[in-house]
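Novice: Residue 1211 in the working numbering is what sits at position 292 of the sequence shown, and the numbering runs on without skipping anything.
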Amino acid sequence: FVFVFVLWQCSTPDGSGKLERALRAAGNNRPELEKVLAHYAAQPEDSLKWRAACFLIENMPGHYTVESDVLQAFRKRADRDAAPYFSRKAFDVLISSIPEFNAGARKVEDVQHITADYLIRHIDASFELYGRFPWYEEVPLEDFFRYVLPYRIGCERLDLWRDSIKPALPDRFRIASDIQYDCKEARKYLELGCDLNLHFTDTLVDQLYQKIANECRYLNMKHLLRDRVAGIPSVLDYFPHYPNRNGLHYWIADMDARKRNPYIEGAAKSKPAKVFRETFESHEVPVPAEGEYIPELFLNPFLEDVTDEYLYAADVHVPAAFALEGKPRHAYLCVFNNLDWRPTAIGTWENGKARFEKMGKGIVYLPVYYEGDKKRAFHYPFVLNVSGELEFLEPDTTDRFALRLERKYPYDGIQYSFSEALTDAAIVASNTTAEMDFDTVAFLPSENHYYLSVSLPDTLPAFRYWQVRASANIYFAETFFYDSAGIKVLPDSVFIGTYAFDGNILTNDLCPRVAVGFREPVRISRIVCLPRSDGNGVYPENVYELFYFAAGGWQSLGRKKAEDYFLDYENIPRGGLYWLRNLTTGVEERIFTYRNGMIRFW
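1. For T1503, which residues from the same chain have a beta carbon less than 6 Å from its beta carbon, with the 5 sequence-adjacent residues on both sides left out?
2. Look at A972 and I1042 and say whether their C-beta atoms are less than 8 Å apart.
3. On the three-state DSSP scale, how would you describe L1429?
4. Per DSSP, which residues does K1294 bridge with? Please list them.
5. So, E1397 versus L1449, is the Cβ gap smaller than 8 Å?
6. According to the Cβ coordinates, are F1414 and V1387 closer than 8 Å?
7. Would G1123 and R999 be called neighbours here (beta carbons separated by less than 8 Å)?
8. Within the same chain, show all residues whose beta-carbon is closer than 7 Å to that of P1089, passing over the 5 residues directly before and after it, in chain order.
9. Using a threshold of 8 Å, state whether the C-beta atoms of V1030 and A957 are closer than that.
10. Determine the DSSP secondary structure at L1115, reduced to helix, strand or coil.
11. My assumption, with CB atoms under 8 Å, is that P1247 sits in contact with C1253. Please give the rounded CB distance.
12. Exposed or buried, which one is F920 when buried takes at least 16 other CB atoms within 10 Å?
13. Spell out the partners DSSP gives I1518 in its beta bridges.
14. Tell me the rounded alpha-carbon separation between P1069 and R1326.
15. May I ask you to list the residues that DSSP assigns as paired with V1282?
16. Sort E1075, A1149, D1453 by Cα distance to F1052 and report the nearest one.
17. For Y1299, would you say it is in contact with chain C, using Cβ-to-Cβ distances shorter than 8 Å as the test?
18. For the beta strand (DSSP E) that contains W1260, what are its first and last residues?
19. Got a sec? Which residues, its chain only, sit under 6 Å from D1315 by beta carbon, not counting five neighbours each side?
20. Starting from the C-beta of Y1458, find all residues in its chain whose C-beta is less than 8 Å away, skip the five residues before and the five after it, and write them out in chain order.
21. So, at 6 Å on beta carbons, what are the nonlocal neighbours of V925 in its own chain, with the 5 sequence-adjacent residues on each side left out?
22. Measuring alpha carbon to alpha carbon, tell me which residue in A1345, N1270, T1351 is nearest S1365.
23. How many Å lie between I1510 and K1190 at the Cα?
24. According to DSSP, is A1223 helix, strand or coil?
25. Since C1253 sits in a beta bridge, which residues does DSSP pair it with?
26. For V985 and I1072, what's the separation of their Cα atoms in angstroms?
27. Short of 6 Å in beta carbon distance, which residues of its chain neighbour R1177, apart from the five on each side in sequence? Order them along the chain.
28. First and last residue of the beta strand (DSSP E) that includes T1392?
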């Protein structure tokens, strides 16, 4: 026993510390873990399984199953359902990860409760898989340990899932010798004996499952379970905050020892600042000093920074331009997300500068530290450009300019195409409904815009019936008519295009024309057509406020109620970072800069 114990100590990657700490953390369950190690140490042919056991036990502290009355009730309902085992297992994985369900739940720590029989059976079944498929010739043992061997996905219940699903390859796959060594290709052919998208017969369970299973985190957790069952090395990668829009993103990455991972599934327009990987393996995390606040993201030992696997990243050094309160131990870089600055990287201080490693380029960052749990900026926001240089956005209050604003969020190519389809549409009018009596009185402007506005000559007579005609089916979001006094007038009848006159810019009609009628002929002086869009333009009656970032944070340049589809602001400090807020409605707003006569959203 002493010999075996010394062997355990000397053979762990870090000498003995990590394994011994895990055994100490097991408390009364330590004999169960030692039984696993002794089981594999007894036979020389089990040396790889012994190493696998060491890997699992070393990284076991911090992994757990969550249990609560709500979870238990849903688990029982799912267990009684006729759905295939994979669906029931996936359901448990997903609901156990929902914050609303596991907040305050009891944590059953693996290291203190897992049994030797369970761990031995799981390791044996994993190695049966390791020798079954040809692509494992291309999978390093380290990748097998990290991305196939782990016995759990999240904080679900533990069971012998490797015994419950037996993946198989059809004969035709083995014949196709050019792909049988590629696990990514193998995924297309593997047979698990069930459909990933089967429905539950229990209505309540099925509604919950269908609701959460299509969100990117939970969808990819389900895919990770599929790959883990099939023995395909893959991981769940994510960035916690988009730096150029709201929200976050998760995706599955194939772990191929021959190539890197430059493609981010499902986020073609993303510009990650940081990419993290969820791992079973634990990593070092900063230890807060007494009273120090460190955001939870940076205290998770099962996250690995893999930014440089995806990006040409840069190390960043930021000096303190503003006075620091106290002596902060850590600094942070934040990105603008969900209307706030969200910390995405942690750094340390060196010679009066904060140092950050592996930062994504082409992004605006705000450098901060924490005073208590409050963020404090220690420099102006900056753009980390593609050359790895910092361009600080310091507003110059002695040099001011005027600006017309028409959007609070970037305009993408799809919206551009909707606007382009409306250009050159004809405005026709008549005092009868007969088709031959309509005269063309104007055309929408030929330039593409967020809104298309045409003014009619004062000499134009009044008409009762009005239409906007396009050459093909296009999307009309809203259409507005203004009388000779410049007052918006509502038609008495809408013949074609109900949604184009419902007052909701987010509803649309797909049709070749919109047609309305008034009780009496009306002299129209202006017509405005809004193409289908995200509703992030400037709209009359909405209240807006423009800000710029100064040494003390966001400073207001005043509130305005829009009277048209644009806002005019004057006396804006040049060279800064700006933010237009809609105080009436909406949640999509982006920071922007203004250079060379152009607005750029970040």
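Ideal Cβ positions, reconstructed from N, Cα and C, are used throughout, including at glycine.
Specialist: Straight from the coordinates:
1. N1461, V1462
2. yes
3. strand
4. Y1289
5. In this structure, L1449 lies closer than 8 Å to E1397 by Cβ.
6. No, the Cβ-Cβ distance between F1414 and V1387 is not below 8 Å.
7. In the sequence as presented, Gly is not what sits at residue 1123; that position holds Leu. Contact flag unset, no.
8. Y1108, E1110
9. no
10. coil
11. The pair is not a contact, with the Cβ atoms about 14 Å apart (cut-off 8 Å).
12. In this prediction, F920 has a pLDDT of 46, which is less than 50 and means its spatial position is unreliable; what the coordinates show is noted afterwards. When all chains shown are included, F920 counts as exposed.
13. Y1513
14. The alpha-carbon of P1069 is positioned some 48 Å away from that of R1326.
15. The sequence as given places Ile at residue 1282; Val does not occur at that position. Note: I1282 sits in a beta bridge opposite L1303.
16. A1149
17. Here chain C cannot be found, since the structure has a single protein chain.
18. Looking at the DSSP string, the run of the beta strand (DSSP E) that includes W1260 is 1259-1269.
19. P1492, R1493, G1494
20. For Y1458, where only same-chain residues beyond five positions count, the Cβ hits under 8 Å are I1424, A1481, Y1484.
21. Note on V925: pLDDT 38, under 50, position unreliable in the model; no value is reported.
22. A1345
23. Each residue's Cα considered, the two are about 15 Å apart.
24. In the sequence on display, residue 1223 carries Glu and not Ala. The answer is strand: DSSP assigns E1223 an E or B state.
25. P1262, L1285
26. Counting only the Cα atoms, I1072 lies some 13 Å from V985.
27. A distance below 6 Å between beta-carbons, with the five flanking residues on each side excluded, links R1177 to no residue of its chain.
28. Residue 1392 is actually Asn in this sequence, not Thr. Residues 1382-1402.
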